[in-house]
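**Q** Below you'll find the structure I mean.
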Amino acid sequence: MLELKNVSAGYGTFQALFDVSLEVRAGEAVAVIGPNGAGKTSLLRVISKVIDLNGGQISMEGVALNDVPAHRIIELGIAHVPEHRRLFPRLTVEENLKMGGFIADARAHFEERLAYVYELFPRMKERRHQLAGTMSGGEQQMCAIGRGLMSGPKLLLLDEPSAGLAPVIVQQVFDLVRRIRQEGYTVLIVEQNIQQVLKVVDRAYLLEVGQIKMSGSSQELLENDDVRRAYIGL
Amino acid sequence: MTVATVFKAVGLLAILAFPALGFSDYVLHIAISILLWGYIYTGWSVMGRFGLVSLGHGAFMGIGAYVVTMLWNHAGITPWIGIPVAVIVSMAVGFMIGFPCFRFRITGHYFALVTLALSEVVRLLIVALRDYTGGSLGVTPVSVISADNPSSFLAMQFSDKVSWFYIVVAVWVIGLLIWRAVDRSMIRYAMEAVSQEEDAAASVGVHVTRTKLIVTMISAAMTAVGGAIYGQYQLYINPETTSGIAISLQIVFAAIAGGMFVQLGPTVGAVITLLLTETLRQTVGHDVHGLDVMIYGAMLVLFIIYMPRGVVGRLIDAFERRSETPGTPGQARPQPGE
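Each protein sequence line maps, in turn, to chains A and B. Mapping of the first sequence onto the numbering used here: position 82 corresponds to residue 82, and the numbering continues sequentially without gaps. Adding 234 to a residue's 1-based position in the second sequence gives its number in the numbering used here.
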């Protein structure tokens, strides 16, 4: 479904990604794990074209994304749930969800998808008139995922959904991710919380200083000695 | 809703009946000024409310006033054609300044500084082209009216204040309708999203650059019309009163003082600032030269510090807080761009 070939990208003269190749197949959940500053967020940002590609190719279902501007990415079925949620803090929950369905194709389905998101996350229905910025971190994450679903995407990019959340809430967020998987969405998730995320996904890539160092099934990575020593602390 | 409609109808009727009350020309002049500036401030707030703080709207006003007058004086083209030309020119300038800013993500204070420069560029250009524009001495649209012939529709020159009053009321109402149309469109949501989280807005499919350009060009066009009407009404324009930093800041202060997030906020800003300047000018301005301007400046600073959402915004807040029942939190209202 999503394919990256030798992708390089960065900010100005700083290069964040070197020759990254990875693939996400339809129906899969794939994680990109790695330490702080490895380029995980940059990877998702380049897929959604918020930052430009310096080299390589990205394609979604055979369509090259290289020349697609950021605001058209969502039309190809890719929804980005950014790091730290990036909700529109002074819009209500419902207005945030409305913005998720901003594109023309999605507006026709607004009511049904809103009902769907509220069914998936009843908490959001309770809070629908609340300003998004005033909710707790976990609720904001729910809202951010809900906003992502409003466009009816095929692929969901989740950027560190557990970042900055209390340990109890982190558990709930991974339950959310599991629910999203069960709903049949293809998911590409970027995480530092390696032990947790490997329990939810099928496969994972290890990203270090902008390069893919290892890949395999989540089981393989969980059992790999280097990964265990460096990231899980066992 | 119906109550609001009744209020609006009564309010508009009261305004329309105002000239019939037989006030002096001075009072009519103040009323015309309030409505005209109220319209210009409304035009500014169309973009200002979304964090696109322009300190350069004097540029668009200057373009409006000078394009129309230059076409009339040098080519004999009626303001009825001149105004649409001025609108197009101002939108083109808005595009030229907006596109690079928005494309390269010049936002917030940096955007404000770019626009500030723009207003000075336009002012200096008017001064530099003194052979055509009269330079800093200003210029008068060639007059075709006289005591025998008090008004000319073609030249858009009217010697009686009542005609101007109704023209300005029409312009003002159109401005409010444009404000409301933007307020109720998807552009508003898109712009609020952009002003709060630009990348996230792009990721949900908002064409950030284009949306900002649309809003900027609407605002520029409205301000240019205001400048043109100002020139036709005063029958005298000069670079200082239509363009440059002073006028640009006056527009910003008044719109913020009144409340840029509410439809009538900028108009209330015009009422406050004009009544304030007039009162101060007449009371203390004669005795101590410059004191009126100082007090005016100090009051504006206080307004901005203590009522960042403007007088009208503050009143609505107070009203909503009182009528709020537990469990139904008040409707979202954006704060000025951070």
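Ideal Cβ positions, reconstructed from N, Cα and C, are used throughout, including at glycine.
Using the Cβ count rule (16 or more neighbours within 10 Å means buried), how would you classify Q391(B)?
**A** As a first step, residue 391(B) must be located in the second sequence, where it is residue number 157. Under this definition Q391(B) is a buried residue.
**Q** Around the C-beta of L250(B), are 16 or more other C-beta atoms found within 10 angstroms, so that it is buried, or is it exposed?
**A** By one-based count along the second sequence, residue 250(B) stands at place 16. The residue is exposed, with fewer than 16 neighbouring Cβ atoms inside 10 Å.
**Q** Can you tell me where the beta strand (DSSP E) holding R203(A) begins and where it ends?
**A** Your numbering for residue 203(A) matches position 203 in the first sequence. Taken as a continuous stretch (DSSP letters only), the beta strand (DSSP E) holding R203(A) covers R203 to E208.
**Q** Need the endpoints of the alpha helix (DSSP H) that M99(A) sits in, please.
**A** Counted from its first residue, the first sequence places residue 99(A) at position 99. Where M99(A) is concerned, the enclosing alpha helix (DSSP H) stretches over V93 to G100.
**Q** Does the segment 156-171 of chain A come close enough to the segment 182-189 of chain A to have 3 or more Cβ pairs within less than 8 Å?
**A** Touching, per the Cβ criterion.
**Q** Just to confirm, are M150(A) and F121(A) a CB contact at a threshold of 8 Å?
**A** Locating residue 150(A) in the first sequence gives position 150, where the first residue counts as 1. Locating residue 121(A) in the first sequence gives position 121, where the first residue counts as 1. Going by C-beta atoms, M150(A) is not nearer than 8 Å to F121(A).
**Q** Is L270(B) helix, strand or coil when you go by DSSP?
**A** Sequence index remark: in the second sequence, residue 270(B) carries index 36 (1-based). If DSSP states are grouped into helix, strand and coil, L270(B) belongs with the helices.
**Q** D105(A) lies in the alpha helix (DSSP H); which residues open and close that run?
**A** Position 105 of the first sequence, counting from 1, holds the residue named residue 105(A). Segment A104 to R107, the alpha helix (DSSP H) holding D105(A).
**Q** Mind pulling the chain B residues with CB within less than 8 Å of V262(A)?
**A** It is not possible to answer for residue 262(A), since the shown part of chain A is limited to 1 through 234.
**Q** Kindly indicate the opening and closing residues of the beta strand (DSSP E) around H80(A).
**A** What you label residue 80(A) is simply residue 80 of the first sequence in a count that begins at 1. Unbroken beta strand (DSSP E) run through H80(A): I78 to V81.
**Q** How far does the alpha helix (DSSP H) with E235(A) in it extend, from its first residue to its last?
**A** Only positions 1 to 234 of chain A appear in this structure, which leaves residue 235(A) out of reach.
**Q** For Q140(A), I'd like the list of residues in its chain whose CB is within less than 6 Å of its CB, leaving aside the five on either flank, ordered along the chain.
**A** Numbered from 1 along the first sequence, position 140 holds the residue referred to as residue 140(A). The residues are R85 and L87.
**Q** Quick check: is any heavy atom of the ligand GDP less than 7 Å from the C-beta of V190(A)?
**A** This structure does not include the ligand GDP; it has no bound ligands of any sort.
**Q** What residue from G493(B), S437(B), G342(B) and V545(B) has the CA that sits closest to G277(B)'s CA?
**A** One-based indexing of the second sequence puts residue 277(B) at position 43. Checking every option, the nearest Cα to that of G277(B) belongs to G493(B).
**Q** How is G56(A) classed by DSSP in three states: helix, strand or coil?
**A** In the first sequence, residue 56(A) corresponds to position 56, counting from 1. Strand, per DSSP.
**Q** Run down chain A in chain order and give the residues with a C-beta less than 7 Å from the C-beta of V440(B).
**A** Locating residue 440(B) in the second sequence gives position 206, where the first residue counts as 1. By Cβ distance, chain A contributes H71 and F102.
**Q** Which residues, in order along the segment 504-518 of chain B, keep a beta-carbon less than 8 Å from a beta-carbon of chain A?
**A** If the cut-off is 8 Å between Cβ atoms, the segment 504-518 of chain B has nothing near chain A.
**Q** At a Cβ cut of 7 Å, what residues of the segment 105-132 of chain A count as close to chain B, listed as they run along the chain?
**A** Those residues of the segment 105-132 of chain A that come within reach of chain B (Cβ to Cβ, closer than 7 Å) are H129, Q130 and L131.
**Q** What would DSSP say about N307(B), mapped onto helix, strand or coil?
**A** Mapped onto the second sequence, residue 307(B) falls at position 73. N307(B) falls in the helix class under three-state DSSP.
**Q** Run through the DSSP bridge pairs and tell me what S215(A) is partnered with.
**A** On the first sequence, residue 215(A) is found 215 positions in, with the first residue counted as 1. Y205(A).
**Q** Is the number of C-beta pairs between the segment 445-455 of chain B and the segment 268-285 of chain B that are closer than 8 Å three or more?
**A** Flag = yes, the segment 445-455 of chain B and the segment 268-285 of chain B touch.
**Q** Quick check on the burial criterion: 16 or more other C-beta atoms within 10 angstroms. Buried or exposed for E94(A)?
**A** In the first sequence, residue 94(A) corresponds to position 94, counting from 1. By the 10 Å Cβ count, E94(A) comes out buried.
**Q** Below 6 Å CB to CB, which residues in the same chain sit around Q235(A) once its five sequence neighbours on both sides are set aside?
**A** Any property of residue 235(A) remains undetermined from this structure, which presents chain A solely from 1 to 234.
**Q** Tell me which residue opens and which closes the alpha helix (DSSP H) that G148(A) is part of.
**A** Here residue 148(A) refers to the residue found at position 148 when the first sequence is read from its first residue. Start and end: G137 to L149.
**Q** According to DSSP, F284(B) sits in a beta bridge with which residue or residues?
**A** On the second sequence, residue 284(B) is found 50 positions in, with the first residue counted as 1. BP columns for F284(B) are empty, so no partner.
**Q** Sort A166(A), E223(A), R72(A) and Q211(A) by Cα distance to V20(A) and report the nearest one.
**A** Here residue 20(A) is taken as the residue at index 20 of the first sequence, counted from 1. With distances taken between Cα atoms, V20(A) lies closest to Q211(A).
**Q** Examine chain B for any beta-carbon lying closer than 8 Å to the beta-carbon of E95(A), and answer yes or no.
**A** Indexing the first sequence from 1 puts residue 95(A) at position 95. Chain B contact via Cβ: present.
**Q** Determine whether the beta carbon atoms of P82(A) and A434(B) lie at a separation below 8 Å.
**A** Against the first sequence, residue 82(A) aligns to sequence position 82. Against the second sequence, residue 434(B) aligns to sequence position 200. Cβ atoms of P82(A) and A434(B): closer than 8 Å.
**Q** Does DSSP put I317(B) in a helix, in a strand, or in coil?
**A** Within the second sequence, numbered from 1, the residue matching residue 317(B) stands at position 83. Residue state, collapsed to three classes: helix.
**Q** Give every residue of the same chain whose Cβ lies closer than 6 Å to the Cβ of H291(B), excluding the five residues on either side of it in the sequence, and list them in chain order.
**A** The residue given as residue 291(B) occupies position 57 in the second sequence. Counting only Cβ-Cβ distances below 6 Å, and skipping sequence neighbours, we find W278, T457, S482 and I485.
**Q** Taking F14(A) as part of the alpha helix (DSSP H), name the residues at either end of that continuous run.
**A** Position 14 of the first sequence, counted from the start, is the residue given in the question as residue 14(A). Counting along the chain, F14(A) falls outside any alpha helix (DSSP H), though it belongs to the beta strand (DSSP E) covering F14 to V24.
**Q** Kindly indicate which three-state DSSP category F392(B) falls into: helix, strand or coil?
**A** Stepping through the second sequence from its first residue, residue 392(B) is reached at position 158. Note: F392(B) maps to strand in three-state DSSP.
**Q** Can you tell me where the beta strand (DSSP E) with E354(B) in it begins and where it stops?
**A** In the second sequence, residue 354(B) corresponds to position 120, counting from 1. Element bounds for E354(B): not the beta strand (DSSP E) but the alpha helix (DSSP H), G342 to A362.
**Q** Let me confirm a value: V203(A) is counted as buried when at least 16 other C-beta atoms fall within 10 Å, else exposed. Which label applies?
**A** For this step, residue 203(A) is matched to residue 203 along the first sequence. Here residue 203(A) turns out to be Arg, not Val, going by the sequence shown. R203(A) comes out buried.
**Q** When you compare only the Cα positions, how much space is there between S288(B) and H343(B)?
**A** The sequence position of residue 288(B) within the second sequence is 54, counting from 1. The sequence position of residue 343(B) within the second sequence is 109, counting from 1. Those two C-alpha atoms are separated by around 9 Å.
**Q** Taking the alpha-carbon of H441(B) as reference, which of F333(B), A248(B), V237(B) and T303(B) has the nearest alpha-carbon?
**A** Position 207 of the second sequence, counted from the start, is the residue given in the question as residue 441(B). Ranking F333(B), A248(B), V237(B) and T303(B) by Cα distance to H441(B) puts F333(B) first.
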